[in-house]
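Taking it in order: structure first as structure tokens, then the write-up.
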Amino acid sequence: MENPLLAGSFLLFDATLFTMPVEIFEHAPFTFVGPRERITFEGIRDYYHRAFSAAYGAINAAGAQPAGAAIGFYFQPPGTEFDLAAAFPVADARNVDPALVHHFPGARVAKTVHQGSYDGLPQAWERFVADLTQRGETPGNMSWEEYVTMPQPGGDPEALITHLFCTLS
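Written out as structure tokens, the structure reads:
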């Protein structure tokens, strides 16, 4: 049976040759704010730029503040499209437009770290999912990226840190 998180991906190497440091734990529920859309891979950069601006604007207009780093939350495994919310976690979403408010219910998750350009994220996800499968874990439907460091003008893209999270079935 094909792993749904690898469906439609482009395998550029034998992902089973790599192991990544992986932490498995129960993740607490959290609330996040951002527009949820279905996006193709080609449209993802434009979407992120537009969606993060909208999310931050909605949080600011509600008199709230982000409670953590920006995230890209995938509600389903990717196929030809991504069911995605580019968002910020918040402690209080009471005054935020309800259409932009989402809730992660909490679950058993796996986490790893990618250091490098965002262009390397598809390969990082392939390695991560392959490693989880080798460990006997079954990736669930929801996953997200936490952008610990954000790109800076003139900054080194290889210095970017992204946490990858995947729910486990």
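Numbers in this note's numbering are just positions in the sequence shown, counted from 1, shifted up by 646.
Glycine included, every Cβ here is placed at the ideal spot set by N, Cα and C.
Here the structure is a predicted model, which means the values were calculated and not measured.
With C-beta atoms as the reference, is Ala732 less than 9 Å away from Pro681?
yes
What span of residues does the alpha helix (DSSP H) with Val742 cover, start to end?
Taken as a continuous stretch (DSSP letters only), Val742 belongs to no alpha helix (DSSP H), as it is neither H nor E.
Residues in its own chain within less than 8 Å of Glu804 by CB, not counting five upstream and five downstream?
Gln761, Gly762, Ser763, listed in sequence order.
How close, in whole Å, do the beta carbons of Ala753 and Val736 come, if the pair is a contact with beta carbons under 8 Å?
Actually they are not in contact, since the Cβ atoms of Ala753 and Val736 sit about 19 Å apart, beyond 8 Å.
Return yes when the Cβ of Arg781 is within less than 9 Å of the Cβ of Asp729, no when it is not.
no
Which same chain residues end up closer than 7 Å to Ala704 when comparing Cβ atoms and leaving out the 5 residues on each side of it in sequence?
So the qualifying residues of the chain are Val679, Val742, Asp743, Leu746.
Which residue's Cα is closest to the Cα of Glu669: Ala697, Phe774, Ser699, Pro768?
Phe774
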